[in-house]
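In the working numbering, the protein residues as written are 11 to 507.
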(Lines of atoms letter the chains of each structure in order from A; the text may use other names.)
(Lines give C-alpha, C1' and ligand atoms only; values in the text may rest on other atoms or scores of the structure.)
Protein backbone atom coordinates (compact mmCIF):
# COMPACT_ATOMS: atom_id res chain seq x y z
CA UNK A 11 0.00 0.00 0.00
CA UNK A 12 1.28 3.47 -0.84
CA UNK A 13 2.47 5.53 2.14
CA UNK A 14 1.52 9.13 2.65
CA UNK A 15 4.32 11.45 1.50
CA UNK A 16 6.47 13.20 4.08
CA UNK A 17 5.97 16.97 4.32
CA UNK A 18 9.02 18.87 3.10
CA UNK A 19 8.57 21.85 5.42
CA UNK A 20 6.15 23.40 7.90
CA UNK A 21 4.08 25.09 5.20
CA UNK A 22 3.57 21.80 3.38
CA UNK A 23 2.74 20.03 6.65
CA UNK A 24 0.00 22.59 7.27
CA UNK A 25 -1.19 22.08 3.70
CA UNK A 26 -1.44 18.33 4.30
CA UNK A 27 -3.63 18.80 7.35
CA UNK A 28 -5.91 21.17 5.41
CA UNK A 29 -6.34 18.91 2.38
CA UNK A 30 -6.46 15.37 3.76
CA UNK A 31 -10.06 15.37 4.99
CA UNK A 32 -11.26 16.72 1.61
CA UNK A 33 -9.44 13.92 -0.20
CA UNK A 34 -10.77 11.28 2.20
CA UNK A 35 -14.32 12.61 1.87
CA UNK A 36 -14.28 12.26 -1.92
CA UNK A 37 -12.49 8.89 -1.78
CA UNK A 38 -15.28 7.61 0.48
CA UNK A 39 -17.84 8.55 -2.18
CA UNK A 40 -15.83 6.64 -4.78
CA UNK A 41 -15.40 3.36 -2.91
CA UNK A 42 -17.39 0.60 -1.27
CA UNK A 43 -16.02 0.75 2.28
CA UNK A 44 -14.01 2.89 4.68
CA UNK A 45 -10.85 0.80 4.51
CA UNK A 46 -10.89 0.99 0.72
CA UNK A 47 -11.55 4.72 0.95
CA UNK A 48 -8.41 5.19 3.05
CA UNK A 49 -6.40 3.16 0.57
CA UNK A 50 -7.67 5.19 -2.39
CA UNK A 51 -7.18 8.50 -0.55
CA UNK A 52 -3.61 7.64 0.43
CA UNK A 53 -2.62 6.59 -3.07
CA UNK A 54 -4.27 9.63 -4.63
CA UNK A 55 -2.76 12.00 -2.07
CA UNK A 56 0.73 10.77 -2.90
CA UNK A 57 0.01 11.12 -6.63
CA UNK A 58 -1.36 14.62 -6.25
CA UNK A 59 1.53 15.82 -4.10
CA UNK A 60 4.05 14.51 -6.64
CA UNK A 61 2.25 16.51 -9.33
CA UNK A 62 2.16 19.62 -7.14
CA UNK A 63 5.87 19.37 -6.39
CA UNK A 64 6.66 18.81 -10.05
CA UNK A 65 4.98 22.12 -10.89
CA UNK A 66 6.82 23.90 -8.04
CA UNK A 67 3.78 24.82 -5.96
CA UNK A 68 4.21 28.22 -4.28
CA UNK A 69 1.02 29.45 -2.53
CA UNK A 70 0.32 33.14 -2.17
CA UNK A 71 -1.51 35.93 -3.91
CA UNK A 72 -0.19 38.70 -6.05
CA UNK A 73 2.65 36.79 -7.73
CA UNK A 74 1.47 37.78 -11.19
CA UNK A 75 2.03 34.22 -12.36
CA UNK A 76 -0.75 32.36 -14.11
CA UNK A 77 -1.56 28.97 -12.71
CA UNK A 78 0.09 26.03 -14.39
CA UNK A 79 -2.51 23.77 -12.77
CA UNK A 80 -5.48 23.68 -10.44
CA UNK A 81 -5.22 24.83 -6.81
CA UNK A 82 -4.31 22.17 -4.29
CA UNK A 83 -7.66 20.75 -3.17
CA UNK A 84 -9.21 20.31 -6.66
CA UNK A 85 -5.84 19.00 -7.85
CA UNK A 86 -5.92 16.30 -5.17
CA UNK A 87 -9.59 15.51 -5.87
CA UNK A 88 -8.69 15.06 -9.53
CA UNK A 89 -5.94 12.70 -8.39
CA UNK A 90 -8.59 10.64 -6.55
CA UNK A 91 -10.63 10.38 -9.74
CA UNK A 92 -7.58 9.47 -11.82
CA UNK A 93 -6.44 6.90 -9.26
CA UNK A 94 -9.91 5.34 -9.32
CA UNK A 95 -9.66 5.17 -13.12
CA UNK A 96 -6.34 3.39 -12.71
CA UNK A 97 -7.94 0.88 -10.36
CA UNK A 98 -10.66 0.21 -12.90
CA UNK A 99 -8.19 -0.55 -15.70
CA UNK A 100 -5.89 -2.64 -13.47
CA UNK A 101 -8.60 -5.02 -12.24
CA UNK A 102 -9.42 -3.35 -8.92
CA UNK A 103 -12.71 -1.88 -10.10
CA UNK A 104 -14.69 -4.11 -7.75
CA UNK A 105 -13.51 -1.87 -4.89
CA UNK A 106 -15.18 1.18 -6.43
CA UNK A 107 -18.75 2.44 -6.31
CA UNK A 108 -20.61 0.68 -9.15
CA UNK A 109 -22.00 3.92 -10.55
CA UNK A 110 -18.52 5.42 -10.62
CA UNK A 111 -17.42 2.41 -12.66
CA UNK A 112 -20.19 3.08 -15.16
CA UNK A 113 -19.13 6.70 -15.36
CA UNK A 114 -15.44 5.87 -15.78
CA UNK A 115 -16.30 3.74 -18.80
CA UNK A 116 -18.52 6.39 -20.39
CA UNK A 117 -17.92 9.34 -22.68
CA UNK A 118 -18.52 11.68 -19.75
CA UNK A 119 -15.29 10.59 -18.07
CA UNK A 120 -13.37 10.96 -21.32
CA UNK A 121 -14.27 14.67 -21.43
CA UNK A 122 -12.11 15.35 -18.38
CA UNK A 123 -8.97 13.84 -19.88
CA UNK A 124 -9.58 14.28 -23.61
CA UNK A 125 -8.96 17.20 -25.94
CA UNK A 126 -8.50 20.42 -23.92
CA UNK A 127 -11.16 22.39 -25.81
CA UNK A 128 -13.72 19.63 -25.17
CA UNK A 129 -13.27 19.63 -21.40
CA UNK A 130 -15.92 21.19 -19.12
CA UNK A 131 -16.00 24.98 -19.16
CA UNK A 132 -15.63 25.24 -15.35
CA UNK A 133 -12.46 23.15 -15.41
CA UNK A 134 -10.91 25.26 -18.16
CA UNK A 135 -12.02 28.52 -16.59
CA UNK A 136 -10.58 27.67 -13.15
CA UNK A 137 -7.31 26.42 -14.61
CA UNK A 138 -6.95 29.62 -16.64
CA UNK A 139 -7.00 31.82 -13.51
CA UNK A 140 -4.04 32.72 -11.35
CA UNK A 141 -3.70 30.01 -8.79
CA UNK A 142 -4.31 32.23 -5.76
CA UNK A 143 -7.51 33.61 -7.32
CA UNK A 144 -8.67 30.10 -8.18
CA UNK A 145 -7.92 28.96 -4.63
CA UNK A 146 -9.95 31.82 -3.14
CA UNK A 147 -12.91 30.88 -5.33
CA UNK A 148 -12.70 27.18 -4.51
CA UNK A 149 -12.31 27.57 -0.76
CA UNK A 150 -15.19 30.02 -0.47
CA UNK A 151 -17.64 28.42 -2.91
CA UNK A 152 -16.99 24.67 -2.74
CA UNK A 153 -15.27 24.04 0.59
CA UNK A 154 -17.76 26.47 2.22
CA UNK A 155 -15.15 27.94 4.56
CA UNK A 156 -16.01 31.21 6.34
CA UNK A 157 -14.64 34.17 4.43
CA UNK A 158 -12.59 35.23 7.46
CA UNK A 159 -10.88 31.82 7.44
CA UNK A 160 -10.23 32.01 3.71
CA UNK A 161 -8.80 35.51 4.07
CA UNK A 162 -6.42 34.44 6.82
CA UNK A 163 -5.33 31.36 4.90
CA UNK A 164 -4.53 33.39 1.79
CA UNK A 165 -3.08 36.41 3.54
CA UNK A 166 -5.93 38.75 2.58
CA UNK A 167 -7.28 41.69 4.50
CA UNK A 168 -10.53 40.35 6.03
CA UNK A 169 -12.15 43.77 5.57
CA UNK A 170 -11.87 43.59 1.78
CA UNK A 171 -12.14 39.79 1.42
CA UNK A 172 -15.78 39.98 0.25
CA UNK A 173 -14.86 42.52 -2.40
CA UNK A 174 -11.95 40.32 -3.51
CA UNK A 175 -14.29 37.35 -3.82
CA UNK A 176 -16.74 39.31 -5.96
CA UNK A 177 -13.89 40.30 -8.27
CA UNK A 178 -12.69 36.71 -8.49
CA UNK A 179 -16.20 35.50 -9.33
CA UNK A 180 -16.39 38.02 -12.15
CA UNK A 181 -12.96 36.93 -13.34
CA UNK A 182 -14.06 33.29 -13.34
CA UNK A 183 -17.13 34.24 -15.37
CA UNK A 184 -14.94 36.01 -17.91
CA UNK A 185 -12.63 33.01 -18.23
CA UNK A 186 -15.57 30.63 -18.65
CA UNK A 187 -17.17 32.88 -21.26
CA UNK A 188 -13.98 32.87 -23.30
CA UNK A 189 -13.62 29.11 -22.85
CA UNK A 190 -17.18 28.58 -24.08
CA UNK A 191 -16.54 30.69 -27.18
CA UNK A 192 -13.38 28.67 -27.86
CA UNK A 193 -15.27 25.38 -27.64
CA UNK A 194 -15.93 23.68 -30.99
CA UNK A 195 -19.71 23.91 -31.39
CA UNK A 196 -22.35 23.60 -34.08
CA UNK A 197 -24.13 26.54 -35.71
CA UNK A 198 -27.12 26.44 -33.34
CA UNK A 199 -24.94 26.65 -30.21
CA UNK A 200 -22.90 29.42 -31.79
CA UNK A 201 -26.04 31.40 -32.57
CA UNK A 202 -27.06 31.34 -28.88
CA UNK A 203 -23.63 32.25 -27.46
CA UNK A 204 -24.17 36.04 -27.35
CA UNK A 205 -27.73 35.71 -26.02
CA UNK A 206 -26.55 33.28 -23.34
CA UNK A 207 -23.95 35.77 -22.19
CA UNK A 208 -26.54 38.55 -22.00
CA UNK A 209 -29.29 36.73 -20.08
CA UNK A 210 -26.90 35.30 -17.47
CA UNK A 211 -25.50 38.71 -16.49
CA UNK A 212 -28.58 39.85 -14.59
CA UNK A 213 -30.91 38.06 -12.20
CA UNK A 214 -33.77 40.16 -13.61
CA UNK A 215 -33.26 39.00 -17.20
CA UNK A 216 -35.80 36.51 -18.54
CA UNK A 217 -34.57 33.50 -20.48
CA UNK A 218 -36.29 33.36 -23.89
CA UNK A 219 -38.25 30.19 -24.56
CA UNK A 220 -36.08 29.10 -27.47
CA UNK A 221 -32.89 29.47 -25.40
CA UNK A 222 -34.51 27.61 -22.49
CA UNK A 223 -35.39 24.71 -24.81
CA UNK A 224 -31.85 24.70 -26.17
CA UNK A 225 -30.30 24.58 -22.68
CA UNK A 226 -32.54 21.64 -21.84
CA UNK A 227 -30.99 19.56 -24.62
CA UNK A 228 -27.40 20.83 -24.94
CA UNK A 229 -24.96 19.76 -22.22
CA UNK A 230 -22.16 22.11 -23.21
CA UNK A 231 -24.35 25.21 -23.30
CA UNK A 232 -26.08 24.24 -20.03
CA UNK A 233 -22.69 23.88 -18.34
CA UNK A 234 -21.63 27.26 -19.70
CA UNK A 235 -24.86 28.86 -18.44
CA UNK A 236 -24.21 27.55 -14.93
CA UNK A 237 -20.72 29.08 -14.91
CA UNK A 238 -21.84 32.40 -16.38
CA UNK A 239 -24.78 32.86 -14.00
CA UNK A 240 -23.17 34.20 -10.83
CA UNK A 241 -26.53 34.87 -9.13
CA UNK A 242 -28.98 32.21 -7.98
CA UNK A 243 -26.57 30.05 -5.97
CA UNK A 244 -25.57 27.71 -8.79
CA UNK A 245 -21.86 28.56 -8.91
CA UNK A 246 -20.67 26.03 -6.27
CA UNK A 247 -22.32 23.14 -8.10
CA UNK A 248 -20.98 24.39 -11.44
CA UNK A 249 -17.47 24.36 -9.99
CA UNK A 250 -17.74 21.01 -8.21
CA UNK A 251 -19.40 19.21 -11.11
CA UNK A 252 -17.23 20.78 -13.78
CA UNK A 253 -13.89 20.26 -12.05
CA UNK A 254 -14.32 17.00 -10.12
CA UNK A 255 -16.73 15.21 -12.43
CA UNK A 256 -18.48 12.22 -10.91
CA UNK A 257 -19.77 12.81 -7.39
CA UNK A 258 -19.29 16.58 -7.56
CA UNK A 259 -22.65 17.50 -6.03
CA UNK A 260 -22.39 14.86 -3.29
CA UNK A 261 -18.90 16.11 -2.43
CA UNK A 262 -20.19 19.67 -2.30
CA UNK A 263 -22.89 18.68 0.18
CA UNK A 264 -20.43 16.80 2.37
CA UNK A 265 -18.05 19.73 2.54
CA UNK A 266 -20.85 22.08 3.55
CA UNK A 267 -21.95 19.64 6.22
CA UNK A 268 -18.38 19.28 7.48
CA UNK A 269 -17.99 23.07 7.65
CA UNK A 270 -21.23 23.37 9.62
CA UNK A 271 -20.10 20.66 12.04
CA UNK A 272 -16.69 22.27 12.61
CA UNK A 273 -18.17 25.70 13.24
CA UNK A 274 -20.93 24.32 15.43
CA UNK A 275 -18.61 22.23 17.57
CA UNK A 276 -15.84 24.76 18.07
CA UNK A 277 -16.55 28.31 16.88
CA UNK A 278 -13.59 29.79 15.13
CA UNK A 279 -11.81 26.49 14.55
CA UNK A 280 -11.91 26.95 10.80
CA UNK A 281 -9.97 30.17 11.14
CA UNK A 282 -7.24 28.67 13.25
CA UNK A 283 -6.99 25.45 11.28
CA UNK A 284 -6.65 27.25 8.03
CA UNK A 285 -3.71 29.46 8.98
CA UNK A 286 -0.29 27.98 8.15
CA UNK A 287 1.31 30.67 10.36
CA UNK A 288 -0.47 29.90 13.61
CA UNK A 289 2.53 29.45 15.89
CA UNK A 290 5.80 27.70 16.33
CA UNK A 291 4.26 24.37 17.35
CA UNK A 292 3.65 23.44 13.74
CA UNK A 293 7.33 23.58 12.88
CA UNK A 294 8.08 21.10 15.67
CA UNK A 295 5.80 18.43 14.21
CA UNK A 296 6.96 18.65 10.68
CA UNK A 297 6.86 15.03 9.66
CA UNK A 298 4.50 12.16 10.35
CA UNK A 299 3.37 13.34 13.78
CA UNK A 300 1.26 16.23 12.48
CA UNK A 301 0.07 14.32 9.47
CA UNK A 302 -0.96 11.34 11.59
CA UNK A 303 -2.94 13.59 13.90
CA UNK A 304 -4.55 15.31 10.93
CA UNK A 305 -5.58 11.94 9.51
CA UNK A 306 -7.14 10.87 12.81
CA UNK A 307 -9.00 14.14 13.27
CA UNK A 308 -10.25 14.14 9.70
CA UNK A 309 -11.57 10.59 10.06
CA UNK A 310 -13.61 11.68 13.08
CA UNK A 311 -14.84 14.81 11.30
CA UNK A 312 -15.72 12.80 8.22
CA UNK A 313 -17.75 10.35 10.25
CA UNK A 314 -19.69 13.19 11.84
CA UNK A 315 -20.22 15.00 8.55
CA UNK A 316 -21.72 11.92 6.95
CA UNK A 317 -24.37 11.48 9.63
CA UNK A 318 -27.88 11.82 8.17
CA UNK A 319 -29.75 15.06 8.69
CA UNK A 320 -32.45 15.42 11.28
CA UNK A 321 -30.55 13.98 14.28
CA UNK A 322 -32.09 11.35 16.50
CA UNK A 323 -30.73 8.20 18.07
CA UNK A 324 -30.90 6.35 14.79
CA UNK A 325 -28.31 8.52 13.08
CA UNK A 326 -25.50 6.16 13.92
CA UNK A 327 -27.20 3.27 12.17
CA UNK A 328 -26.57 4.60 8.71
CA UNK A 329 -23.03 5.60 9.62
CA UNK A 330 -22.27 2.16 10.99
CA UNK A 331 -23.60 0.48 7.89
CA UNK A 332 -20.79 2.01 5.86
CA UNK A 333 -18.15 -0.45 7.04
CA UNK A 334 -20.43 -3.40 6.41
CA UNK A 335 -20.83 -2.74 2.71
CA UNK A 336 -19.17 -5.20 0.38
CA UNK A 337 -17.50 -4.33 -2.93
CA UNK A 338 -19.86 -4.70 -5.85
CA UNK A 339 -18.24 -6.14 -8.95
CA UNK A 340 -21.30 -6.31 -11.18
CA UNK A 341 -23.12 -2.97 -11.58
CA UNK A 342 -25.42 -4.24 -14.31
CA UNK A 343 -28.45 -3.71 -12.10
CA UNK A 344 -28.03 0.02 -12.60
CA UNK A 345 -29.58 1.37 -15.79
CA UNK A 346 -26.57 2.28 -17.95
CA UNK A 347 -28.31 5.32 -19.43
CA UNK A 348 -28.86 6.90 -16.02
CA UNK A 349 -26.85 10.02 -15.33
CA UNK A 350 -24.59 9.47 -12.32
CA UNK A 351 -25.70 11.67 -9.42
CA UNK A 352 -24.60 12.03 -5.84
CA UNK A 353 -23.92 8.94 -3.76
CA UNK A 354 -23.36 9.38 -0.06
CA UNK A 355 -22.69 5.81 1.08
CA UNK A 356 -23.22 6.32 4.74
CA UNK A 357 -26.10 8.74 4.71
CA UNK A 358 -27.61 11.59 2.80
CA UNK A 359 -25.29 14.57 2.68
CA UNK A 360 -26.07 17.98 4.08
CA UNK A 361 -27.88 20.68 2.12
CA UNK A 362 -25.83 22.46 -0.49
CA UNK A 363 -26.52 25.84 -2.01
CA UNK A 364 -27.04 24.65 -5.54
CA UNK A 365 -27.82 21.82 -7.86
CA UNK A 366 -26.54 20.78 -11.22
CA UNK A 367 -27.85 19.32 -14.41
CA UNK A 368 -26.81 19.04 -17.96
CA UNK A 369 -28.21 15.91 -19.50
CA UNK A 370 -30.76 16.08 -22.29
CA UNK A 371 -34.26 16.78 -21.10
CA UNK A 372 -33.39 18.71 -17.95
CA UNK A 373 -34.42 22.33 -17.71
CA UNK A 374 -31.88 23.08 -15.00
CA UNK A 375 -29.07 25.10 -16.59
CA UNK A 376 -26.40 24.01 -14.13
CA UNK A 377 -23.77 21.37 -14.96
CA UNK A 378 -24.53 17.69 -14.82
CA UNK A 379 -25.22 16.32 -11.32
CA UNK A 380 -23.05 13.51 -10.05
CA UNK A 381 -23.32 10.34 -7.97
CA UNK A 382 -25.96 7.67 -7.70
CA UNK A 383 -29.37 8.57 -9.07
CA UNK A 384 -32.34 7.20 -10.90
CA UNK A 385 -34.06 9.33 -13.55
CA UNK A 386 -37.81 9.77 -13.45
CA UNK A 387 -38.21 7.42 -16.37
CA UNK A 388 -36.87 4.50 -14.36
CA UNK A 389 -39.30 1.64 -13.80
CA UNK A 390 -37.12 -0.53 -11.57
CA UNK A 391 -38.80 0.64 -8.33
CA UNK A 392 -42.40 1.40 -9.23
CA UNK A 393 -45.32 0.25 -7.14
CA UNK A 394 -45.62 -3.51 -6.98
CA UNK A 395 -41.91 -4.10 -7.56
CA UNK A 396 -40.54 -6.95 -5.49
CA UNK A 397 -37.72 -4.69 -4.30
CA UNK A 398 -40.19 -2.65 -2.23
CA UNK A 399 -40.40 -2.61 1.55
CA UNK A 400 -41.14 -5.73 3.52
CA UNK A 401 -44.65 -6.19 4.97
CA UNK A 402 -43.25 -6.13 8.51
CA UNK A 403 -42.34 -2.46 8.06
CA UNK A 404 -45.73 -1.35 6.75
CA UNK A 405 -47.12 -0.21 10.12
CA UNK A 406 -44.31 2.20 10.94
CA UNK A 407 -45.26 5.66 12.23
CA UNK A 408 -43.21 8.62 11.12
CA UNK A 409 -42.69 12.35 10.87
CA UNK A 410 -41.19 14.10 7.87
CA UNK A 411 -39.16 17.25 7.24
CA UNK A 412 -39.06 18.79 3.75
CA UNK A 413 -36.21 21.26 3.24
CA UNK A 414 -36.04 23.46 0.14
CA UNK A 415 -32.25 23.78 -0.02
CA UNK A 416 -31.99 26.06 -3.04
CA UNK A 417 -34.11 27.42 -5.86
CA UNK A 418 -33.33 29.14 -9.16
CA UNK A 419 -35.28 30.34 -12.21
CA UNK A 420 -36.69 26.98 -13.29
CA UNK A 421 -35.18 24.45 -10.90
CA UNK A 422 -34.67 23.64 -7.24
CA UNK A 423 -32.93 21.28 -4.82
CA UNK A 424 -34.63 19.75 -1.81
CA UNK A 425 -33.96 17.25 0.97
CA UNK A 426 -36.48 14.93 2.62
CA UNK A 427 -35.77 13.57 6.12
CA UNK A 428 -38.09 11.01 7.72
CA UNK A 429 -37.98 9.81 11.34
CA UNK A 430 -39.58 6.43 12.03
CA UNK A 431 -40.52 5.04 15.43
CA UNK A 432 -40.08 1.45 14.28
CA UNK A 433 -37.23 -0.44 12.69
CA UNK A 434 -37.48 -0.82 8.91
CA UNK A 435 -36.09 -3.52 6.64
CA UNK A 436 -37.00 -1.47 3.58
CA UNK A 437 -38.80 1.79 2.92
CA UNK A 438 -40.82 3.71 0.37
CA UNK A 439 -41.64 7.40 0.78
CA UNK A 440 -44.39 8.98 -1.33
CA UNK A 441 -45.74 12.51 -1.65
CA UNK A 442 -47.56 14.78 -4.09
CA UNK A 443 -46.62 18.14 -5.57
CA UNK A 444 -49.10 21.00 -5.72
CA UNK A 445 -47.75 22.97 -8.67
CA UNK A 446 -46.69 20.46 -11.30
CA UNK A 447 -43.07 20.14 -10.15
CA UNK A 448 -41.02 17.32 -11.66
CA UNK A 449 -38.15 15.42 -10.03
CA UNK A 450 -35.22 15.13 -12.43
CA UNK A 451 -32.54 13.50 -10.27
CA UNK A 452 -32.42 11.82 -6.85
CA UNK A 453 -29.67 10.47 -4.62
CA UNK A 454 -29.77 8.01 -1.71
CA UNK A 455 -33.05 6.68 -3.17
CA UNK A 456 -34.51 5.65 -6.52
CA UNK A 457 -37.38 7.68 -7.90
CA UNK A 458 -40.45 7.31 -10.07
CA UNK A 459 -43.16 9.90 -10.68
CA UNK A 460 -46.70 9.61 -11.99
CA UNK A 461 -48.34 12.98 -12.43
CA UNK A 462 -48.08 14.85 -9.16
CA UNK A 463 -47.21 11.78 -7.07
CA UNK A 464 -43.55 10.96 -6.42
CA UNK A 465 -42.24 7.64 -5.07
CA UNK A 466 -38.79 7.30 -3.51
CA UNK A 467 -37.54 3.77 -2.73
CA UNK A 468 -34.58 2.88 -0.54
CA UNK A 469 -31.23 2.39 -2.21
CA UNK A 470 -29.49 -0.96 -1.78
CA UNK A 471 -27.21 0.38 0.96
CA UNK A 472 -29.72 2.24 3.19
CA UNK A 473 -32.75 -0.04 3.40
CA UNK A 474 -32.34 -0.86 7.11
CA UNK A 475 -33.37 1.88 9.54
CA UNK A 476 -33.24 1.43 13.31
CA UNK A 477 -36.18 2.21 15.57
CA UNK A 478 -36.38 5.97 16.20
CA UNK A 479 -33.87 6.42 13.39
CA UNK A 480 -33.92 8.67 10.37
CA UNK A 481 -33.66 8.23 6.63
CA UNK A 482 -32.77 11.07 4.32
CA UNK A 483 -32.42 11.65 0.58
CA UNK A 484 -32.16 14.61 -1.73
CA UNK A 485 -33.28 15.47 -5.23
CA UNK A 486 -33.29 18.04 -7.99
CA UNK A 487 -36.48 19.19 -9.68
CA UNK A 488 -38.01 21.67 -12.09
CA UNK A 489 -40.84 24.12 -11.46
CA UNK A 490 -42.77 26.84 -13.25
CA UNK A 491 -44.98 29.57 -11.83
CA UNK A 492 -44.97 28.42 -8.22
CA UNK A 493 -42.93 26.02 -6.11
CA UNK A 494 -44.90 25.40 -2.93
CA UNK A 495 -44.08 22.55 -0.55
CA UNK A 496 -45.46 19.08 -1.34
CA UNK A 497 -48.09 17.35 0.74
CA UNK A 498 -49.40 13.88 1.61
CA UNK A 499 -46.12 12.29 2.75
CA UNK A 500 -46.35 8.59 3.53
CA UNK A 501 -43.81 6.00 4.68
CA UNK A 502 -44.61 2.50 3.45
CA UNK A 503 -48.20 3.63 2.89
CA UNK A 504 -48.69 5.16 6.35
CA UNK A 505 -49.21 8.92 6.62
CA UNK A 506 -46.44 10.96 8.23
CA UNK A 507 -46.89 13.96 10.46
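C-beta atoms are modelled at their ideal positions from N, C-alpha and C, and glycine is treated no differently.
- [ ] List the endpoints of the continuous beta strand (DSSP E) containing residue 481.
- [x] Per DSSP, residue 481 belongs to the beta strand (DSSP E) from 479-488.
Task: Bounding residues of the beta strand (DSSP E) (the contiguous stretch that carries residue 228) - done: Unbroken run through residue 228: none, as it is neither H nor E.
Task: Any 3 or more C-beta pairs closer than 8 Å across the stretch 86-100 and the stretch 43-63 - done: Touching, yes, given that three or more Cβ pairs across the two stretches are closer than 8 Å.
Task: Range of the contiguous alpha helix (DSSP H) that encloses residue 107 - done: First-last for residue 107: undefined, no H or E at that position.
Task: Distance between residue 430 and residue 475 (C-alpha atoms, nearest Å) - done: Those two C-alpha atoms are separated by around 8 Å.
TODO: Could you tell me whether the Cβ atoms of residue 411 and residue 427 are closer together than 7 Å?
DONE: Residue 411 places its beta carbon less than 7 Å from that of residue 427.
- [ ] Look at the alpha carbon of residue 346 and the alpha carbon of residue 23, and state the distance between them as a whole number of angstroms.
- [x] Confidence is the limiting factor: at residue 346 the pLDDT is only 34, short of 50, which leaves the residue's position unreliable and the question unanswerable from this model.
Task: contact_flag[the stretch 152-171, the stretch 98-118] where n(CB pairs < 8 Å) is 3 or more - done: Cβ pair count under 8 Å is below three, so no.
Task: Separation of residue 50 from residue 32, as counted between CA atoms - done: So the alpha carbons of these two residues sit roughly 13 Å apart.
- [ ] Could you have a look at residue 113 and say whether DSSP puts it in helix, strand or coil?
- [x] Three-state result, residue 113: helix.
Open item on the list: With three or more C-beta pairs closer than 8 Å as the rule, is the stretch 139-154 touching the stretch 104-124?
Closed with: No, the stretch 104-124 is not in contact with the stretch 139-154.
Task: CA nearest to the CA of residue 235, picked from 40, 132, 264 - done: In terms of CA proximity to residue 235, 132 leads the group 40, 132, 264.
Task: Check whether residue 421 and residue 449 have beta carbons under 7 Å apart - done: Result no, Cβ atoms of residue 421 and residue 449 do not sit closer than 7 Å.
Open item on the list: Tell me the DSSP secondary structure of residue 438 in three-state form.
Closed with: In this structure, residue 438 counts as strand in the three-state DSSP scheme.
Task: Neighbourhood of residue 501 by C-beta, 7 Å cutoff - its chain only, sequence neighbours within 5 removed - done: Correct list, in chain order: 406, 408, 428, 430, 437, 439.
Task: Residue from 262, 499, 452 with nearest C-alpha to residue 39 - done: Nearest C-alpha to residue 39: 262.
Open item on the list: Using 7 Å as the threshold, is the C-beta distance between residue 269 and residue 154 below it?
Closed with: Their beta carbons are under 7 Å apart, which means residue 269 touches residue 154 by this criterion.
Open item on the list: I need the straight-line Cα distance from residue 222 to residue 184, nearest angstrom please.
Closed with: One C-alpha to the other measures close to 22 Å.
TODO: For the beta strand (DSSP E) containing residue 501, list its first residue and its last residue.
DONE: Residue range 497-501 is occupied by the beta strand (DSSP E) that includes residue 501.
Open item on the list: According to DSSP, simplified to helix, strand and coil, what is residue 492?
Closed with: If DSSP states are grouped into helix, strand and coil, residue 492 belongs with the strands.
- [ ] Taking 7 Å as the cut-off, decide whether the C-beta atoms of residue 179 and residue 240 are in contact.
- [x] Cβ distance < 7 Å, so residue 179 and residue 240 count as in contact.
Open item on the list: With a threshold of 8 Å on Cβ separation, who are the neighbours of residue 157 within its own chain once the five nearest residues in sequence on each side are excluded?
Closed with: Closer than 8 Å at the Cβ level, and outside the excluded window around residue 157, lie 150, 168, 171, 172, 175.
Task: Those residues which DSSP pairs with residue 505 across a bridge - done: Residue 505 is bridged to 500.
TODO: Please go through the same chain and pick out, in chain order, the residues whose beta-carbon is closer than 7 Å to the beta-carbon of residue 582, but skip the five residues on each side of it.
DONE: The shown model of the chain, from 11 to 507, leaves out residue 582, and the question about it has no answer.
Task: Inter-residue Cα distance where the pair is residue 260 and residue 204 - done: Answer to the nearest angstrom: the Cα atoms are 32 Å apart.
- [ ] Pull up the DSSP beta-bridge partners for residue 421, would you.
- [x] For residue 421, which the question treats as bridged, DSSP gives the partners 488.
- [ ] For residue 231, collect the residues of the same chain with a Cβ closer than 7 Å to its Cβ; drop the 5 residues on either side in sequence, then sort them by chain order.
- [x] These residues qualify, in order along the chain: 199, 202, 206, 224, 225.
Task: 8 Å Cβ shell around residue 98 - same chain, five flanking residues per side excluded - done: Only 106, 111, 114, 115 meet the Cβ criterion.
Open item on the list: Using DSSP's beta-bridge definition, name the partner residues of residue 465.
Closed with: DSSP lists 440, 458 as the beta-bridge partner residues of residue 465.
Task: Of the residues 82, 267, 473, the one placed nearest residue 65, counting alpha carbons only - done: Considering only alpha carbons, the answer is 82.
Open item on the list: On the criterion of 16 or more Cβ atoms from any shown chain inside 10 Å, does residue 444 qualify as buried, or is it exposed?
Closed with: Note on residue 444: under 16 other CB atoms within 10 angstroms of its CB, so exposed under the neighbour-count rule.
Task: residue 122 versus residue 253 - alpha carbon distance - done: For residue 122 and residue 253, the distance between alpha carbons rounds to 8 Å.
Task: residue 128 burial status per 10 Å Cβ neighbour count (16 or more: buried) - done: Exposed is the call here.
Task: Proximity to residue 251 [Cα-Cα], best of 140, 148, 458 - done: Minimum Cα-Cα distance from residue 251 among the listed residues 140, 148, 458 corresponds to 148.
- [ ] Check each candidate in 34, 424, 483 and name the one with the smallest Cα separation from residue 453.
- [x] The residue from 34, 424, 483 with its alpha-carbon nearest to that of residue 453 is 483.
Open item on the list: Suppose contacts are defined by Cβ-Cβ distances below 7 Å. Is residue 134 in contact with residue 189 by that definition?
Closed with: Contact flag set, yes.
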